[in-house]
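K.L.:
Residue numbering for the sequence shown follows the working numbering, starting at 5 and increasing by one per position.
Every residue gets a Cβ at the ideal spot worked out from N, C-alpha and C, and that includes glycine.
Given the structure is predicted, the values throughout are model-derived calculations rather than measurements.
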Amino acid sequence: MKRAVFPGSFDPFTIGHESIVLRGLDLFDEIIIAIGYNSNKPGFFPIEQRIQWIKDVFKDYPRIQVDAYQMLTIDYCRKVEAQFILRGLRTSADFEYERAIAQVNKTLAPQIESAFLLTLPEHSMVTSSIVRDIIRHGSDASQLLPNRMKIKPGDYSFKESSR
Ligand code: ADP
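1. For the candidate residues Gln74, Gln115, Arg136, Trp57, whose alpha-carbon lies nearest to that of Glu22?
2. Does the structure place the stretch 114 to 124 close enough to the stretch 133 to 141 that three or more beta carbon pairs sit under 8 Å?
3. Measure the C-alpha to C-alpha separation of Ile55 and Lys6 and round it to an integer number of angstroms.
4. In terms of residue numbering, what span does the beta strand (DSSP E) encompassing Arg226 cover?
5. Excluding sequence positions up to five away, which residues of its chain have a Cβ less than 6 Å from the Cβ of Gly92?
6. Opposite Glu34 in the DSSP bridges: which residues?
7. How long is the line joining the alpha carbons of Lys15 and Gly47, rounded to whole angstroms?
8. Could you give the uninterrupted runs of the alpha helix (DSSP H) lying entirely in the stretch 58 to 140, keeping only those of 4 residues or more?
9. Evaluate Gly158 with the Cβ neighbour count: other Cβ atoms within 10 Å of its Cβ, from every protein chain shown; 16 or more gives buried, anything less gives exposed.
10. Measure the Cβ-Cβ separation of Phe88 and Ala119 and say whether it is below 8 Å.
11. What's the gap between the Cα of Ala72 and the Cα of Ser161?
12. Quick check: is the beta carbon of Lys156 nearer than 8 Å to any beta carbon in chain B?
13. Could you tell me the alpha carbon to alpha carbon distance between Asn109 and Asp79, rounded to whole angstroms?
14. With a threshold of 7 Å on Cβ separation, who are the neighbours of Ser143 within its own chain once the five nearest residues in sequence on each side are excluded?
15. Measuring only the C-alpha atoms, how far is Ser166 from Tyr101?
16. Given that a residue counts as buried once 16 or more other Cβ atoms are within 10 Å of its Cβ, and exposed if not, what is His141?
17. Whole angstroms is fine: what's the gap from Lys211's alpha carbon to Arg27's?
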């Protein structure tokens with residue numbers, strides 16, 4: 005049984021994230037989308053809301069679970085007995101950032117492998133921070149969000165982000 009954790013802030017989850025998870029299903033038997041959070045740095049969207057949105061997106065996919073954690077990602081992987089960490093790569097900046105984390109993780113937890121999928125070209129410009137900006141200004145970000153994720157323009161406008 006190959007179990008992968010797809011860790012991230014998902015603040016919010018986007019079509020870029022959705023695509024990585026769906027493609028990951030060809031590689032892994034089970035994927036846990038895990039929101040890593042720090043209660044001192046709550047982010048923009050409430051954690052419960054982020055979890056609910058992702059659950060809605062994958063409600064027809066029994067091989068996908070959604071969770072949140074407050075610990076090192078490798079400790080979370082050990083806790084849920086996942087052998088893989090799945091991440092997405094958009095740019096060379098993503099690569100450099102991910103390389104350092106993955107190499108440290110490999111040093112600390114040699115039994116856990118990091119696996120990377122390159123973003124589809126049409127998703128390479130999609131970032132959660134751009135989506136937050138659109139929503140904060142009361143505009144419609146639905147083109148950048150999975151179909152089942154409806155965020156009404158206006159619901160979150162001009163709420164301050166801590167990021
Ligand atoms: P983090 O704060 O840990 O970077 P994010 O929620 O921003 O969390 O991203 C989680 C993972 O998804 C990261 O591996 C990131 O590179 C990847 N990712 C983010 N946006 C995209 C995208 N548009 N296409 C592919 N992968 C993406």
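P.N.:
Considering the structure as presented:
1. Indexing the sequence shown from 1 puts residue 22 at position 18. Nearest option by C-alpha distance: Trp57.
2. With fewer than three CB-CB distances shorter than 8 Å, the stretch 133 to 141 does not count as touching the stretch 114 to 124.
3. Counting from 1 along the sequence shown, the entry for residue 55 is found at position 51. Counting from 1 along the sequence shown, the entry for residue 6 is found at position 2. Approximately 23 Å between the Cα atoms of the pair.
4. Past the boundaries of the shown model lies residue 226; the chain is included only from 5 to 167, so the question cannot be answered.
5. By one-based count along the sequence shown, residue 92 stands at place 88. Here Gly92 has Ile24, Leu121, Thr123 as same chain residues with Cβ atoms under 6 Å from its own Cβ, once five neighbours each way along the sequence are excluded.
6. For this step, residue 34 is matched to residue 30 along the sequence shown. In the DSSP assignment, Glu34 is bridged to Arg7.
7. The sequence position of residue 15 within the sequence shown is 11, counting from 1. The sequence position of residue 47 within the sequence shown is 43, counting from 1. One point to set straight first is that residue 15 is Asp, not Lys, in the sequence displayed. Taking the straight line from one Cα to the other gives about 7 Å.
8. List check, alpha helix (DSSP H) in window: 77 to 84, 96 to 112, 132 to 140.
9. Start at 1 with the first residue of the sequence shown, and residue 158 comes out as number 154. It counts as exposed.
10. Mapped onto the sequence shown, residue 88 falls at position 84. Mapped onto the sequence shown, residue 119 falls at position 115. Taking 8 Å as the Cβ cut-off, Phe88 and Ala119 qualify as a contacting pair.
11. Within the sequence shown, residue 72 is the residue found at index 68, counting from 1. Within the sequence shown, residue 161 is the residue found at index 157, counting from 1. Between Ala72 and Ser161, the C-alpha separation is close to 25 Å.
12. Looking for chain B here will not work: only one protein chain is present.
13. On the sequence shown, position 105 is the one that residue 109 refers to. On the sequence shown, position 75 is the one that residue 79 refers to. Rounded to the nearest angstrom, the two C-alpha atoms are 10 Å apart.
14. Position 139 of the sequence shown holds residue 143. Residues Pro157 of the same chain have their beta carbon placed closer than 7 Å to that of Ser143, with the five preceding and five following residues left out of the count.
15. Position 162 of the sequence shown, counted from the start, is the residue given in the question as residue 166. Position 97 of the sequence shown, counted from the start, is the residue given in the question as residue 101. Interpretation of Ser166 is limited by its pLDDT of 49, a score under 50 that renders its predicted location unreliable; the figure taken from the coordinates is listed afterwards. Those two C-alpha atoms are separated by around 21 Å.
16. Numbered from its first residue, the sequence shown carries residue 141 at position 137. By the neighbour-count criterion, in which 16 or more other beta carbons inside 10 Å mark a residue as buried, His141 falls on the exposed side.
17. Only positions 5 to 167 of the chain appear in the structure, and residue 211 is not among them; the question remains open.
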